[in-house]
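Participant:
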Amino acid sequence: MQKNKTYQSSTDAKLDKQIARQAQKNGAEIRVKTPLKEIRENKAITTSGEIDFKILVDARGVSALAQKDRTGILQSAQYEIYADWIEKGKVEVFLDAEKYPGFFSWIIPSCGGTGKVGVAGRGINAMQTLERFLDQKGKYSIIRKVFAPIWVNGPIENFVSGNTVIVGDAAGQSKPTTAGGIYSCGIGGIYAGRAISKFLETKKQDDLESYQKAWIEKFGKEFERQSFARKMLERLDNKSIDAIFDALTPEMIADISNNDDFDFHTSAIIKMLGLKGSLKVAQTMFGAEIRKLPRLAQILSKL
Ligand SMILES: Cc1cc2nc3c(=O)[nH]c(=O)nc-3n(C[C@H](O)[C@H](O)[C@H](O)COP(=O)(O)OP(=O)(O)OC[C@H]3O[C@@H](n4cnc5c(N)ncnc54)[C@H](O)[C@@H]3O)c2cc1C
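Under this note's numbering, the first residue of the sequence shown is numbered 2, with each subsequent residue one higher.
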């Protein structure tokens, strides 16, 4: 674990400490300021010496993916601020294909007058973009700044390679739509832990590899649909985005807002993208891809 992490919200700090405490209680030895430099056979080479391992769990976050595939990495900036224009209970998301290509800006209130405001996008200067966004909103005071890359390309091909097990953002386990990963990365860690303890008993590689199967079974389809929704969103310009939102009826908004089922996440987006006016365009643009995903074709056909 590397202590000087760029991204650390107060909630995550508490979660990290809670998990660290549980691990320590169960026999783990925790070393901070010990970044991994290299893996050589069964040795982890760190800045503070070598550590022998039977299984290495790579949980280095998005930084582990930088060398693998930069196309899935977007820059983000998020400030925790005090501002009287933050309304309690009102989450705001702003789509703008020019300012935030491939992503959006957001305002998430913690309570009235306090919250997290952020931006992310492909190839943007996240800090400048966020500050421009904040300046046009009004007065604010910054309490905390976070600059961190996010990953939107979905799971990597192999979570397990020999005796290295990759989990969390390092394995691409955050959502392709919002890059949220607390839940899906956390479950990745749990499944990996179970598979590793089984493997240590049986020494069967299949037991280790059962981790990826379990994760894909739980999240694979939803992540596939989200990747598809992302592809669609990335191709929309501001005019099409406005047209889609203009076509939303109050019933659809209520339908989308009231249904918080995990599976519904992408169907909400698809419903919006598949609105009558844009359905033909979507089908023309993505015809081949839609046909590859029968469930999506089914959703679209019902709209
Ligand atoms: C601005 C922002 C807001 C977000 N908001 C949300 C949200 O509201 N909800 C949600 O679900 N998700 C959110 N996410 C995503 C979420 O934070 C990640 O999906 C999650 O933290 C991934 O957990 P992880 O343990 O895999 O990686 P990380 O939390 O990134 O942890 C990786 C750890 O590895 C350490 N490390 C890196 N390199 C090395 C090395 N060489 N050696 C040793 N240690 C190393 C790092 O210092 C860090 O401590 C947000 C992300 C960002 C950037």
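Where is the CB? At the ideal position from N, CA and C, for every residue including glycine.
Cβ-heavy atom distance between P177 and ligand 1 below 7 Å?
Facilitator: No; taking the cut-off as 7 Å, the Cβ of P177 has no heavy atom of ligand 1 nearer than that.
Participant: Within the same chain, show all residues whose beta-carbon is closer than 6 Å to that of G190, passing over the 5 residues directly before and after it, in chain order.
Facilitator: Cβ neighbours of G190 beyond the five flanking positions: V168.
Participant: Whole angstroms is fine: what's the gap from V147's alpha carbon to I197's?
Facilitator: If you take the alpha carbons of V147 and I197, they lie about 33 Å apart.
Participant: Taking the alpha-carbon of S64 as reference, which of E30, L57, Y141, K38 has the nearest alpha-carbon?
Facilitator: With distances taken between Cα atoms, S64 lies closest to K38.
Participant: Provide the residue(s) that pair with P150 in DSSP beta bridges, ordered along the chain.
Facilitator: Paired residue(s): Q76.
Participant: Among I109, A172, L237, W216, which has the Cα closest to the Cα of Q58?
Facilitator: According to the sequence provided, residue 58 is Val. The question's Gln does not apply to it. When only C-alpha atoms are compared, the closest one is A172.
Participant: What's the C-alpha gap between Y101 and K140?
Facilitator: In a straight line, the C-alpha of Y101 is about 22 Å away from that of K140.
Participant: DSSP beta-bridge partners for P156?
Facilitator: P156 pairs with nothing; no bridge assigned.
Participant: Can you tell me which residues form a DSSP beta bridge with A45?
Facilitator: Paired residue(s): I40, I52.
Participant: What do you reckon, is the C-beta of Q68 under 7 Å from a heavy atom of ligand 1?
Facilitator: The answer is no for Q68.
Participant: Given a cut-off of 8 Å, decide if E81 and I125 are closer than it, judged by their beta-carbon atoms.
Facilitator: Not closer than 8 Å, so no.
Participant: So, K138 versus W86, is the Cβ gap smaller than 8 Å?
Facilitator: Yes, they are a contact pair.
Participant: Is P36 close to ligand 1? I mean its beta-carbon at under 7 Å from any heavy atom of the ligand.
Facilitator: Checking every heavy atom of ligand 1 against the Cβ of P36, one is found closer than 7 Å.
Participant: Do you know how far the Cα of Q206 is from the Cα of I242?
Facilitator: Using only the alpha carbons, I get a separation of about 47 Å.
Participant: Given 7 Å as the limit, tell me if V58 has its C-beta closer than that to any heavy atom belonging to ligand 1.
Facilitator: No, ligand 1 has no heavy atom inside 7 Å of this Cβ.
Participant: Please tell me whether, using a cut-off of 7 Å, the distance from the CB of S64 to the nearest non-hydrogen atom of ligand 1 is below it.
Facilitator: Yes, since a heavy atom of ligand 1 falls inside the 7 Å radius drawn around the Cβ of S64.
Participant: Are the beta-carbon atoms of W152 and A180 separated by less than 8 Å?
Facilitator: Yes, they are a contact pair.
Participant: Which residue marks the beginning of the alpha helix (DSSP H) containing W107, and which one marks its end?
Facilitator: Where W107 is concerned, there is no enclosing alpha helix (DSSP H), although the beta strand (DSSP E) it sits in stretches over 106 to 112.
Participant: How would you call K232, buried or exposed, if buried means at least 16 neighbouring beta carbons within 10 angstroms?
Facilitator: By the 10 Å Cβ count, K232 comes out exposed.
Participant: Where G114 and E88 are concerned, what is the direct C-alpha to C-alpha distance, given to the nearest angstrom?
Facilitator: So the two alpha carbons sit approximately 6 Å from each other.
Participant: Among E93, G187, I52, which one has its Cα closest to the Cα of D17?
Facilitator: Closest by alpha carbon: G187.
Participant: Quick check on the DSSP output: the alpha helix (DSSP H) that includes I217 runs from which residue to which?
Facilitator: From DSSP, the alpha helix (DSSP H) with I217 extends over 206 to 235.
Participant: What residue does the beta strand (DSSP E) around T178 start on, and which one ends it?
Facilitator: Run containing T178: none; DSSP gives neither H nor E here.
Participant: Nearer than 7 Å: is that true of the beta carbon of Y184 relative to any heavy atom of ligand 1?
Facilitator: Yes, Cβ of Y184 sits closer than 7 Å to a heavy atom of ligand 1.
Participant: What span of residues does the alpha helix (DSSP H) with L201 cover, start to end?
Facilitator: L201 -> alpha helix (DSSP H) spans 183 to 203.
Participant: Is DSSP giving K117 helix, strand or coil here?
Facilitator: Looking at K117 - three-state DSSP - the assignment turns out to be strand.
Participant: Apart from the five residues just before and just after E42, which ones in its own chain have a Cβ nearer than 7 Å to its Cβ?
Facilitator: Answer for E42: no residue qualifies.
Participant: Compute the distance between the beta-carbons of K176 and S185, then report whether it is under 8 Å.
Facilitator: It is a contact, given that the beta carbons lie within the stated cut-off.
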